[in-house]
Structures are given as C-alpha cells and as structure tokens.
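Enquirer: What follows is a structure written as structure tokens; I'll ask about it next.
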Amino acid sequence: MPTVTYIEHDGTEHRIELEEGLSVMRGAVDNGVPGIDADCGGECACATCHVFVEEPWLAKTGTPSEQEASMLSFAATAQPNSRLSCQITMTPELDGLVVRLPEAQH
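Throughout the sequence shown, residue numbering follows the UniProt record's numbering, covering 1 to 106 in sequence.
As structure tokens, this is what we get:
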C-alpha cells in the first residue's frame, strides 16, 4: 500500500499506509493523526484539513480545483504549496508523499 508521512508543526512524524483511493485526510482521521480536524468530513466545504505539500510532490498531487482554492482562502496560513488533504486521493504514484501540518486549523 502507498504511504504518506504527516509531519506535525512540532516535527513529530506519522508514517501511515493508505489504501489506494482514500484521501490523505481520511488517512489522518482514521489513524488519529493530530492536527487534521476535518470538520466537514471531506466535502471540500471547510479548510480544517489544510496541509502543506512538500515541494517534490506538488506536481503529482495536482492543482486545486476552484472550490478547493476558495476554501483555502479561509486558511490563515495558506502558502503556494497548500492543499486540502480531503482533495488528495492516494495513488501508487503518491507512495512516499510527505505533508506538513500547520500550527492550527482555522
């Protein structure tokens, strides 16, 4: 199974195996990774699953949709490498993905 590494704001790492087709958000929630609130349950209707995608993975995770970009505008610390983890679906090509979590979700 593909893996994703979540890095908390304090540097704590969580390496999780995710089934193909699951979202990066679902992997965090199902495995108790702190820092992903996922208030809307993965419907791209909030920004509480905001992550920073490490540079080598940006192209592979795709470009945010218009709706995702709109939701990211509500994230207090949005950066050019910001994504909503509910919108990143695990594939074999994303095996080894690394995402960093902001200090807080707003």
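Virtual Cβ for every residue (Gly too), placed ideally from N, Cα, C.
1) What whole-angstrom Cβ distance do E103 and H9 have, given they're in contact under 8 Å?
2) Decide if Q105 is buried, meaning its Cβ has at least 16 other Cβ atoms within 10 Å, or exposed.
3) Between the alpha carbons of L22 and M90, how many angstroms are there, rounded?
4) Are the C-beta atoms of S65 and some chain C residue less than 9 Å apart?
5) Rounded to the nearest angstrom, how far is the Cβ of A45 from that of L72, given a contact under 8 Å?
6) What's the call for A75, buried or exposed, on a 16-neighbour Cβ count within 10 Å?
Expert: Looking at the coordinates:
1) 4 Å
2) buried
3) 6 Å
4) Included in the structure is just one protein chain, with no chain C present.
5) That pair is no contact at about 12 Å.
6) buried
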